[in-house]
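FYI, the numbering for the sequence shown is 40 to 117, going by the numbering used here.
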Amino acid sequence: MPELFLDGQPLSVANGTSVAAALALGADGCSRTSVGGQRRAPVCGMGICQECRVLIDGHRRLACQTLCRDGMHVQTRS
C-alpha cells in the first residue's frame, strides 16, 4: 500500500489508486484553486478537462492520469 502526502498530510491508499481518487479519499476532493478563489475538482476522469491539475513532487501533473506511489508529495493548494 503506497503512502503519499496530500497537502502535507499522510494518506495510505490501495495499489493502483489514481491521485484523483486519493483526493476524494483524503481531502475535500478538489485538485486546485482557481484564479477566482474557488476550489476545483476533477470532472472528466481522462485528462481532457484539465481540472485535476496538481503539483506532484514539484511538477504539474494530471491527477486522473497519475497513479499513487510511495512517498509521493501532492499539493493542491498554492
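The C-beta atom is built at its ideal place from N, Cα and C for all residues, glycine as well.
Remember, it's a predicted structure, so these values are computed and weren't measured experimentally.
Your pair S57 and C103 checks out as a contact, with CB atoms roughly 6 angstroms apart and the cut at 8 angstroms.
Secondary structure note for L106: it is in no beta strand (DSSP E), with a DSSP letter that is neither H nor E. In terms of Cβ geometry, D96 and A66 do not form a close pair [threshold 8 angstroms].
Annotated three-state conformation of V58 is helix, per DSSP. Taking the Cα positions, C69 is about 8 angstroms away from C91.
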